[in-house]
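Engineer: Provided herewith is a single structure, encoded as structure tokens, for subsequent inquiry.
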Amino acid sequence: MSKYYLSHMYQKGLGVPISNEKSLQLLYESASHGFVHSQLHLGLRYKNGEGIEQSNEKAFEWIEKAVEQDYAQAQNHLGILYLKGKGIYQSYDKACECFQKAANQNNKCAQYNLGLRYKNGQGIEQSYEKAFEFFQKSANQDHIQAQTELGIMFYHGQGVEQSLEKAFEWFEKSAVQGYAQAQSYLGLLYAKGHGIKLSYEKACEWCQKSAIQGIPEAQFLLGNLYYCGKGVAKSKENAFYWMEMAAVKGYTQAQFMLGRMYERENLMEKALDWYLKAANQLSKDAQQAVLRLLNH
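Counting in my numbering, the sequence shown runs from 13 upward without gaps.
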């Protein structure tokens, strides 16, 4: 155990000079003697190429050794390797087995990953009810992505009775911790008055936080708020900026809206360009707009 902590000290320069060579030597010695934390850590360093030549095969080898000791955190990481086919053949079934074993030990990351597999029917029979069950277990341990997924399920009534109020509650828990996807949903709920009193100001506030982290849904909504002057001073400049930020990411609604905005400015060439992009993603409104402009 002491070699494991000493390895960490040399890696981070905690009270000793930084030495990647000494850090790896100590970590390897500790892992070779069966210390489970060292086995996992060494596997992760191979996986990430952290101070060592990257090797998914070596990562799998060392993480598997930790799994053999029933270490939940290692089981979750092994599941991820199976999920992505890194260092081993891809297998959703094997990934689910690993996630299930770790989830049974109350590992919140594994519970979240297992919830996603149930939600999407990957390696396991699709079940919104089971997805909800594992997201809830993970969310109750403050896993921010699971909290967001739980909010989504309450919002759409998937695996649970629909409740916009509970959706808001879970989105807020995650959003205040800085999770961009949850902030986007929170902005949407404030903009629609779903589960909370309508507030364009709050919608703008949360969409701004999410938009600067690159979430296209938030950028689209923020662009609309600026365009209409809801919750914020009307600004075509900001509206075009945020709408284009979402549109260049391939967000269909933003591409169509940007086309409409350019058309209203009589910039028909740009309008047609964005309508075409949205039309190519099967937006019926955009397809009709393209036909209308071409027939003029």
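All residues carry an ideal CB built from backbone N, CA and C; glycine is no exception. Computed from a prediction, not measured in an experiment: that's the story for all the values here.
Taking C-alpha atoms, which residue in G91, Y101, N118 lies nearest to C108?
Structural biologist: Nearest C-alpha to C108: G91.
Engineer: Spatial neighbours of C184 within its chain, please: C-beta separation below 7 Å, excluding the five flanking residues on both sides.
Structural biologist: One detail in the question is off: residue 184 reads as Glu in this sequence, not Cys. Hits under 7 Å: L198.
Engineer: Any idea what DSSP makes of Y17, helix, strand or coil?
Structural biologist: Helix.
Engineer: What do you get for S14, buried or exposed, if any count of 16 or more other CB atoms within 10 angstroms of its CB means buried?
Structural biologist: When all chains shown are included, S14 counts as exposed.
Engineer: Three-state secondary structure (DSSP) at L279?
Structural biologist: The answer is coil: DSSP assigns L279 none of H, G, I, E or B.
Engineer: Roughly how many angstroms separate the alpha carbons of S196 and R276, rounded to a whole number?
Structural biologist: For S196 and R276, the distance between alpha carbons rounds to 27 Å.
Engineer: Assign E109 to one of three DSSP states: helix, strand, or coil.
Structural biologist: Helix at E109.
Engineer: Exposed or buried, K243, counting other C-beta atoms within 10 Å across all chains shown (16 or more means buried)?
Structural biologist: A quick correction: the sequence has Gly, not Lys, at residue 243. By the 10 Å Cβ count, G243 comes out buried.
Engineer: Tell me the rounded alpha-carbon separation between G27 and M21.
Structural biologist: Looking at the two C-alpha atoms, the distance is approximately 7 Å.
Engineer: Just to confirm my understanding: we take N68, look at its own chain, exclude 5 residues before and 5 after, and list those with CB closer than 6 Å. What are they?
Structural biologist: So the qualifying residues of the chain are K98, G99.
Engineer: Would you mind giving the Cβ-Cβ distance between Y202 and G171, rounded to the nearest angstrom? I have them listed as a contact below 8 Å.
Structural biologist: Between G171 and Y202 the Cβ distance is about 25 Å, and since that is not below 8 Å, they are no contact.
Engineer: Within this structure, are the beta carbons of N125 and N88 separated by less than 8 Å?
Structural biologist: Going by C-beta atoms, N125 is nearer than 8 Å to N88.
Engineer: Where G55 and G46 are concerned, what is the direct C-alpha to C-alpha distance, given to the nearest angstrom?
Structural biologist: Going by the C-alpha atoms only, they are around 13 Å apart.
Engineer: When you compare each of K131, T264, E281, Q231 to A291 by their alpha carbons, which one comes out closest?
Structural biologist: Comparing Cα positions, the closest option is T264.
Engineer: List the endpoints of the continuous alpha helix (DSSP H) containing K131.
Structural biologist: Taken as a continuous stretch (DSSP letters only), the alpha helix (DSSP H) holding K131 covers 120-132.
Engineer: How many Å lie between A283 and L233 at the Cα?
Structural biologist: Rounded to the nearest angstrom, the two C-alpha atoms are 19 Å apart.
Engineer: Could you round the C-beta distance between A230 and A223 to whole angstroms and report it? I think they count as a contact, below 8 Å.
Structural biologist: With a Cβ gap of about 4 Å, A230 and A223 count as contacting.
Engineer: Check this for me: beta carbons of G127 and S150, under 8 Å apart or not?
Structural biologist: Yes, the Cβ-Cβ distance between G127 and S150 is below 8 Å.
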